[in-house]
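Novice:
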Amino acid sequence: MAGNAAEQFNIHDAKTNLSRIIERVEQGEEIVISRAGTPVAKVVPLSRRVNRTGRGSLRGRVELSADWDSPETNADIARDFDA
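So, in structure tokens, the structure goes:
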């Protein structure tokens, strides 16, 4: 929402309309919360770094070498972590 002014809500209205504010933020809007006309907080959407749908969501995308769980590989990892 770069370039557009964020809409402002006073604290009372923000409490009253929190669900609606969250819905708008989920759609990408930024909302400013004010106390006595002075902005004190901004509610912004969180950007998800990884869009995983659940267990197995990387199936077919990750290839493991045949020795990925060998005693030698495990020993190398343990050494790397001083275990």
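No gaps in the numbering here: position 26 of the sequence shown is 12 in my numbering, and each next residue is one more.
In this text, a Cβ means the ideal position worked out from N, Cα and C, and glycines have one as well.
#1: Do you know how far the Cα of Asp68 is from the Cα of Ser74?
#2: Going by beta-carbon coordinates alone, are Lys28 and Ile17 separated by less than 9 Å?
#3: What did DSSP end up calling Glu15 once you bin it into helix, strand or coil?
#4: In three-state terms, what does DSSP make of Pro25?
#5: Can you tell me where the alpha helix (DSSP H) holding Asn60 begins and where it ends?
#6: Within 10 angstroms of the Cβ of Met(-13), are there 16 or more other Cβ atoms? Answer buried if so, exposed if not.
Specialist: So, from the listed chains and residues:
#1: Residue numbering for the chain in the displayed model covers -13 to 69; residue 74 lies beyond these limits and cannot be assessed.
#2: It is a contact, given that the beta carbons lie within the stated cut-off.
#3: Correct three-state label for Glu15: coil.
#4: Looking at Pro25 - three-state DSSP - the assignment turns out to be strand.
#5: That run of the alpha helix (DSSP H) goes Pro57 to Asp66.
#6: A caution first: Met(-13) carries a pLDDT of 42, below 50, which makes its placement in the model unreliable, though a value can still be read off. Around the CB of Met(-13), fewer than 16 other CB atoms lie within 10 Å, so the residue is classed as exposed.
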